[in-house]
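Accompanying notes for the structure given below.
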Amino acid sequence: ALDTLAVMSNHTEFRRVYTLLSESKNHFDANINVSVFETNIRIVGGLLAAHLLARRCGVEVEPGWPCNGPLLRMAEDVATRLLPAFDTETGMPFGTVNLRHGVPKGETPITCTAGVGTYIVEFGALSRLTGNLIFEETAMRAMKSLWHSKSTIGLLGNHIDVQTGKWTATDAGIGAGVDSFFEYLVKGSSLLQRPELMHIFKESRSAIEQYLNHDDWYFWVNMKQGGVTMPVFQSLEAFWPGILSLVGDTQSAMKSIHNYHQVWKQYGFLPEFYNVAQGAVSSKREGYPLRPELVESAMYLYRATKDPFLLTVGEDMLKSIEHSTRTNCGYATVRDVRDHALEDRMESFFLAETTKYLYLLFDTDNFIHNSGNTATVLNTPYGECIVEAGGYVFNTEAHPIGKYMK
Ligand code: DMJ
Numbered sequence: 002a003l004d005t006l007a008v009m010s011n012h013t014e015f016r017r018v019y020t021l022l023s024e025s026k027n028h029f030d031a032n033i034n035v036s037v038f039e040t041n042i043r044i045v046g047g048l049l050a051a052h053l054l055a056r057r058c059g060v061e062v063e064p065g066w067p068c069n070g071p072l073l074r075m076a077e078d079v080a081t082r083l084l085p086a087f088d089t090e091t092g093m094p095f096g097t098v099n100l101r102h103g104v105p106k107g108e109t110p111i112t113c114t115a116g117v118g119t120y121i122v123e124f125g126a127l128s129r130l131t132g133n134l135i136f137e138e139t140a141m142r143a144m145k146s147l148w149h150s151k152s153t154i155g156l157l158g159n160h161i162d163v164q165t166g167k168w169t170a171t172d173a174g175i176g177a178g179v180d181s182f183f184e185y186l187v188k189g190s191s192l193l194q195r196p197e198l199m200h201i202f203k204e205s206r207s208a209i210e211q212y213l214n215h216d217d218w219y220f221w222v223n224m225k226q227g228g229v230t231m232p233v234f235q236s237l238e239a240f241w242p243g244i245l246s247l248v249g250d251t252q253s254a255m256k257s258i259h260n261y262h263q264v265w266k267q268y269g270f271l272p273e274f275y276n277v278a279q280g281a282v283s284s285k286r287e288g289y290p291l292r293p294e295l296v297e298s299a300m301y302l303y304r305a306t307k308d309p310f311l312l313t314v315g316e317d318m319l320k321s322i323e324h325s326t327r328t329n330c331g332y333a334t335v336r337d338v339r340d341h342a343l344e345d346r347m348e349s350f351f352l353a354e355t356t357k358y359l360y361l362l363f364d365t366d367n368f369i370h371n372s373g374n375t376a377t378v379l380n381t382p383y384g385e386c387i388v389e390a391g392g393y394v395f396n397t398e399a400h401p402i403g404k405y406m407k
């Protein structure tokens, strides 16, 4: 939530937390098993974003910033502890690593697609800032290895054995277990100027449109033959119109977001799974854990089109969240979108993502909407450095990574 404070201009609170973090020691030298994916998107991404926003929040940064700084060192430390997970036959990572001892003995080699291909934004930024190329190279190797494992019709499955490269779950879709791989092809290509990533995105999108798209919903299909296995829309898939708007296809994006908004209107929230054929919530997937994806897409699309319908989407979300999920000490997960029963749980992505994207949808003059027309030139011991030169790229946890050039 640290960079959410920066986005909302609460600089004093940002500096207080920044100082607490900077003064903590050996934070990551712990004998605990963590998810490689979640640690990357939440911890590495959060630290990098806060590091890059520190100067504009009034922190007295170190000489050589943005290539120096306590939060950058912490990000490098924790990312280094994730690297042993990538030491596999294919270069694709295990899903879990011990922060002190590496991959736990007997760890399963089965990782989901998103867990393999969601590192290039954080690892790329880390390499470019520190000069240590290992991170970017490791993330690229995993992504390429994954892409080489695609089926003959160009689709990826849901889970893969990272030692043998064999798929163990063969449903192809754009939602749970897969989503952010596609997101990082687009964002990685933009942040790091790597056209090969956009090329992979374009190829994978054409297979997605051919086999998954049914009336602007994206179903789950068998990765080998392309036949529909589940005519289901998942709440996580609502990130897709945002990605389409980033690649310039606002028309397709608007069609899908209209579909998703209809589901929101039906229940006042998005259920985790919605069976499109039945027009009803899928059983045991009826919750809404305050997810950001719908407003994330609305924010990108509003920036691109200024279509007031997108403000309506944000307003509907804001009203439902305020009306039904607000409690005395936070906002609660909706257990069942049909009766709005709540559960005692608030995911960290509510503060990192949902509130931030809602704020940014309506705050059209926010500094984060910098399209790259303005920049700041810094003189550092390493030479001239141009920061905030090409806008910001949000990682998949909504941590904005500012672009810079040396
Ligand atoms: C977030 O943790 C990330 O956006 C991730 O990629 C999948 N979605 C959740 C929030 O819904």
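Its first residue numbered 2, the sequence shown is counted upward by one per residue in this note's numbering. Note that beta-carbon positions come from the ideal geometry of N, C-alpha and C, so glycine has one too. Just so it is clear, the structure is predicted and the values come from calculations on it, not from any experiment.
Bounding residues of the beta strand (DSSP E) (the contiguous stretch that carries Phe136): For Phe136, no beta strand (DSSP E) encloses it; the enclosing alpha helix (DSSP H) starts and ends at 135-149.
One or two residues paired with Val394 in a DSSP bridge = Looking at the DSSP output, Val394 sits in a beta bridge with Ile402.
As assigned by DSSP and simplified to three states, the class of Gly116: Correct three-state label for Gly116: helix.
Tell me the rounded alpha-carbon separation between His341 and Tyr289. Using only the alpha carbons, I get a separation of about 9 Å.
Assigned secondary structure, Leu157 (DSSP; H/G/I helix, E/B strand, else coil):
Residue state, collapsed to three classes: coil.
_Using beta carbons (cut-off 7 Å, strictly below), is Pro242 in contact with chain B?_
Any reference to chain B falls outside this structure, which holds one protein chain only.
DSSP state of Trp221 mapped onto helix, strand, coil:
Here DSSP, grouped into helix, strand and coil, assigns Trp221 to strand.
Cβ-Cβ separation, Leu53 to Gly403 (assumed contact under 8 Å), whole Å
About 4 Å separates the Cβ atoms of Gly403 and Leu53, confirming a contact at the 8 Å cut-off.
Per the DSSP calculation, His215 is bridged to which residue(s)?
For His215, DSSP records a beta bridge to Trp218.
ask   = Rounded to the nearest angstrom, how far is the Cβ of Thr355 from that of Val282, given a contact under 8 Å?
value = Contact between Thr355 and Val282 fails: their C-beta atoms lie close to 20 Å from each other, not under 8 Å.
- Task: Give the secondary structure of Gln226 by DSSP, where H, G and I count as helix, E and B as strand, and everything else as coil.
- Result: Reduced to three states, the DSSP call for Gln226 is coil.
Of the listed residues Asn223, Ile154, Phe351, nearest to Ala1 (C-alpha basis) | This structure does not reach residue 1, given that the chain is present from 2 up to 407, and the question cannot be answered.
Inspect the CB distances between the region 36-44 and the region 93-108 and report whether three or more fall short of 8 Å. Counting C-beta pairs with one atom in each stretch, the region 36-44 and the region 93-108 have three or more that are closer than 8 Å, which means they touch.
*asked:* What residue range does the beta strand (DSSP E) around Glu344 cover?
replied: First-last of the beta strand (DSSP E) with Glu344: 342-344.
Completely contained beta strand (DSSP E) runs for the region 3-86, where each covers 3 or more residues = You should have 34-36.
**Message:** Quick check on the DSSP output: the alpha helix (DSSP H) that includes Gln267 runs from which residue to which?
**Reply:** It spans 251-268 - the alpha helix (DSSP H) in which Gln267 sits, taken as one unbroken run.
Exercise. Asp78 and Pro110: beta carbons closer than 7 Å?
Worked result: No. Outside cutoff.
(message) So if DSSP puts Val335 in a beta bridge, which residue, or which two residues, is it bridged to?
(response) Answer by DSSP bridge pairing, in chain order: Tyr289, Leu343.
Please enumerate, following chain order, all residues with a beta carbon closer than 5 Å to at least one heavy atom belonging to the ligand DMJ. For the ligand DMJ, the residues with a Cβ under 5 Å from any of its heavy atoms are, in chain order, Ser181, Arg292, Phe350, Thr397.
To which residues does DSSP link Leu186 through a beta bridge? Leu186 is not bridged by DSSP to any residue.
Here's the rule: buried if 16 or more other CB atoms are within 10 angstroms of the residue's CB, otherwise exposed. What is Cys58? Buried is the call here.
**Report entry** Spatial distance of Pro126 from Val378 (CA atoms)
**Finding:** Here residue 126 turns out to be Ala, not Pro, going by the sequence shown. If you take the alpha carbons of Ala126 and Val378, they lie about 19 Å apart.
*With a cut-off of 8 Å on the beta carbons, I'd call Pro94 and Thr112 a contact; round off their distance for me.*
The pair is a contact, with the Cβ atoms about 6 Å apart (cut-off 8 Å).
(Q) Suppose the cutoff is 8 Å on Cβ atoms and the five residues either side in sequence are ignored; what does the same chain contact list for Met347 look like? (A) Beyond the five residues adjoining it in sequence on each side, Met347 comes within less than 8 Å, by CB distance, of Leu291, Gly331, Tyr332, Ala333, Thr334 in the same chain, given in chain order.
Query - Contact the region 122-139 vs the region 164-179: 3+ CB pairs below 8 Å - result: The answer is no - the region 164-179 does not touch the region 122-139, with fewer than three Cβ pairs under 8 Å.
message = Using 7 Å as the threshold, is the C-beta distance between Tyr301 and Ser253 below it?
response = No; because the gap between Cβ atoms is not below 7 Å, this pair is not in contact.
Using only the alpha-carbon positions, how far apart do Asp250 and Ser25 sit?
The alpha-carbon atoms of Asp250 and Ser25 are separated by roughly 45 Å.
Item to complete: Go ahead and pull the three-state DSSP assignment for Val282.
Response: Looking at Val282 - three-state DSSP - the assignment turns out to be strand.
Among all the DSSP beta bridges, which residues are the ones paired with Gly103?
By DSSP's assignment, Gly103 forms a beta bridge with Asn99.
Have a look at the DSSP bridge pairing and note the partners of Trp241. Bridge pairing for Trp241: absent [DSSP].
Quiz item: Short check: CB of Phe270 to CB of Asp180, under 7 Å?
Solution: The answer is no: Cβ separation not under 7 Å.
Member of Arg17, Ile44, Gln263, Val18 whose CA lies at the smallest distance from the CA of Phe29:
Nearest option by C-alpha distance: Ile44.
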